[in-house]
Amino acid sequence: MDDQLQLASSTEIDERFLRDWSGLAVGRPAQVYRPTTTAEVAAIVRRCHEEGRRITVQGGLTGVAGGAVPGEGDVVINLERMNRIEEIDALEGVMQVQAGATLQQVQEAAADQGWMFAVDLGARGSCQIGGNASTNAGGIRVMRYGTMRDSVLGVEAVLPDGTAVSSLSRLVKNSTGLDPRFLFIGTEGTLGIITRLTLRLHPPMGDLAAAWVSAARFEALPQLLRALKRRLGSAMCAFEFMSDRFVSLASRLTGQPAPVAAAPWHVLIEAAGNVGQSMEDALQAALSDALEAGEITDCAFAASLSHREAFWRLRESIPEVLTHLKPAATLDLGLPWSETASYIGQLEAALRDRLPDAEHLFLGHLGDNNIHLISGPVDDAGVHLVDQLAYAALKGRGGTVSAEHGVGRLKKEYLLVSRKPEEIALMRCLKQAMDPAGILNPGRIFD
Ligand code: FAD
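Residue numbering for the sequence shown follows our numbering, beginning at 157 and increasing consecutively.
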């Protein structure tokens, strides 16, 4: 590497570059580079390509699929120093940013100009916008604004041979052939390293109402969500369900009391916007009807911003829960609404039977078909058993082994549960065409 790049590398490898949030460790990298420009990334990749060296791409290391975990002797390219907000078009709501900016930095820069960046998730302070794009991150507002795929207008990426391709479109529509965005969004750094992005911003959400409800049966939740969507339409923006066991543990660990009495299921609901009356009145009317009809058992409204923050504090206590239950299995499943209740019932019974000493906590973003499961404490064999039980029960239900976290290193043996052989063959064909030597993030998604 030339002198400038040598300065950016480190042979004394800091422990923080060895793991992501999955806790998986594979090996020690030979070097860690922290470039500051696309040209530097391209130079490092070009040299690795010439020398046939394997590269691991790292964003904020908040991933839970082991995708950013380096192998022994890898060259790590960590994007944390590429964190500049380059430009904001405040007229149209478009931002150009380097890939290593954190999600929170992007959100705050948008808010400063009177706009909102819509993707939001608990790891916002550490995850990077490039990592979000490469995993096609979802989060808590997908029902209303979609995933990262819907918020990225253009990307610049460095290909596995070191070629930089800049496709930083600022247009919402551009029907001129193959769209390079889709090679890099959701492909977990296997086809290129995202170095810069153009992002679509939205107007702020406006009048926002939050409620916490409980229900005796999971079956009531999809019915409630359907009723809310019919009445409030696109004003619905969050429908986060949690099992009572999750809520009581979260409450114990955070010291934040649950807003309603114990019941098998809880939901944090948010609606925003304007449907001709105050959003709080609209949500209250809809939930009063559900309460009267016996579909839900209790309901509490956030009367102030601090109440709303207290609701989210419980929902976003996953780091505390994971720390308390570690080592734990964390799953990120996707299922059609019609299958969710019977799937959870079947899986919970099997988990209680086979791993009776562990906690099995269900929660997720029902509006976008996403169920998370945290099981712990479990040893390596226990993690494997949880995976096998959960993925075996998915078969024939039209589900996915990852709704938003990605396949990474940890879920590749289960890829066939959610993808057909011809879909995997197409993915392999693209990887072979773009990275024939297999140097970029090898062993992620498939071997
Ligand atoms: P990393 O973990 O560093 O990397 C993830 C993958 O992307 C790896 O394969 C890596 O090689 C690749 N990659 C990273 N940067 C680039 C780049 N610039 N170019 C190409 N490839 C790259 N995820 C959700 O989707 N929704 C949630 O609600 C959610 N909540 C979370 C809450 C907590 C508390 C935690 C710890 C995690 C949560 N996650 C969630 C998971 C995680 O935050 C996301 O997957 C996030 O998008 C990862 O971003 P990162 O920058 O940390 O990526």
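Beta carbons: idealized from backbone N, C-alpha and C, even for Gly.
Q: Quick one: grab the DSSP three-state call for Thr218.
A: In the structure shown, Thr218 sits in coil (DSSP, three-state: anything other than H, G, I, E or B).
Q: Would you tell me roughly how many angstroms separate the C-alpha atoms of Gly564 and Asp437, rounded to the nearest one?
A: 44 Å
Q: Tell me where the beta strand (DSSP E) around Ser399 begins and ends.
A: 392-399
(Q) Once the 5 residues before and after Gln440 are set aside, which same chain residues still bring their CB inside 7 Å of it? (A) Phe457
Q: Name, in chain order, the residues that DSSP records as bridge partners for Asn234.
A: Gln214
Q. Cβ-heavy atom distance between Pro336 and ligand 1 below 7 Å?
A. No, the Cβ of Pro336 stays beyond 7 Å of every heavy atom of ligand 1.
Q: Note the first and the last residue of the continuous beta strand (DSSP E) segment covering Arg203.
A: According to the DSSP assignment, Arg203 belongs to no beta strand (DSSP E) but to the alpha helix (DSSP H) extending over 194-207.
Q. Exposed or buried, Lys111, counting other C-beta atoms within 10 Å across all chains shown (16 or more means buried)?
A. The question about residue 111 has no answer here: the residues shown for the chain are numbered 157 through 603.
Q. Count the other CB atoms within 10 Å of the CB of Asn330; is the residue buried (16 or more) or exposed (fewer)?
A. So Asn330 ends up on the exposed side.
(Q) Can you give me the C-alpha to C-alpha distance between Tyr547 and Ser498, rounded to a whole angstrom? (A) 14 Å
Q | Inter-residue Cα distance where the pair is Ala320 and Gly222 | A | 26 Å
Q. How many Å lie between Pro592 and Pro316 at the Cα?
A. So the alpha carbons of these two residues sit roughly 9 Å apart.
Q) Going by C-alpha distance, which of Ser558, Glu448, Glu451, Gly215 is nearest Gly281? A) Gly215
Q) Got a sec? Which residues, its chain only, sit under 6 Å from Ala186 by beta carbon, not counting five neighbours each side? A) Gly229
Q: Determine which residues share a DSSP beta bridge with Asn526 and list them.
A: In DSSP, Asn526 forms a bridge with Gly490, His521.
Q | Extent of the continuous alpha helix (DSSP H) to which Asp536 belongs | A | 536-550
Q.
Going by DSSP in three states, Asp445 sits in which element: helix, strand or coil?
A. Here Asp445 sits in helix by DSSP.
Q. Using the rule of at least 16 other Cβ atoms within 10 Å of the residue's Cβ for burial, across every protein chain shown, is Leu217 buried or exposed?
A. buried
**Q.** Counted within 10 angstroms of its Cβ, other Cβ atoms place Gln160 as buried (16 or more) or exposed
**A.** Summary for Gln160: the model assigns pLDDT 49, below 50, so the residue's position carries little reliability, and this model does not support an answer.
**Q.** Ala224 and Asp176 closer than 8 Å at C-beta
**A.** yes
**Q.** Residue interval of the alpha helix (DSSP H) (run including His480)
**A.** Start and end: 474-481.
Q: For Leu163, name the three-state secondary structure that DSSP assigns.
A: Residue placement at Leu163 cannot be trusted, given a pLDDT of 48 that sits under 50; what the coordinates show is reported in the next sentence. Leu163 falls in the helix class under three-state DSSP.
Q) What are the complete beta strand (DSSP E) segments, minimum 3 residues, inside the segment 346-410? A) 349-356, 364-371, 392-399
Q. According to the neighbour-count rule (16 or more other Cβ atoms, all chains shown, within 10 Å of its Cβ), is Gly523 buried or exposed?
A. buried
**Q.** Beta-carbon contacts of Arg356 that lie in its chain and below 6 Å, excluding the five residues immediately before and after
**A.** Ser307, Leu309
Q: My understanding is that Ala419 touches Ala371, with C-beta atoms under 8 Å, so please give their C-beta distance in whole angstroms.
A: 7 Å
Q) In whole angstroms, what is the alpha-carbon distance linking Ala506 and Pro512? A) 9 Å
Q. Is Gly179 closer than 8 Å to Pro483 when the C-beta atoms are compared?
A. Yes, they are a contact pair.
Q: Classify Phe642 as helix, strand or coil using the three-state DSSP reduction.
A: The question about residue 642 has no answer, for the chain in this structure spans 157 to 603.
Q. When we look at the beta-carbon of Ala446 and count the other beta-carbons within 10 Å, is it buried (16 or more) or exposed?
A. buried
Q.
Let me check you understand the geometry: is the CB of Ala224 closer than 7 Å to at least one non-hydrogen atom of ligand 1?
A. Yes - ligand 1 has a heavy atom lying nearer than 7 Å to the Cβ of Ala224.
Q: Measure from the alpha carbon of Glu560 to the alpha carbon of each residue in Leu489, Gly538, Ile349, Arg190, then state which is nearest.
A: Leu489
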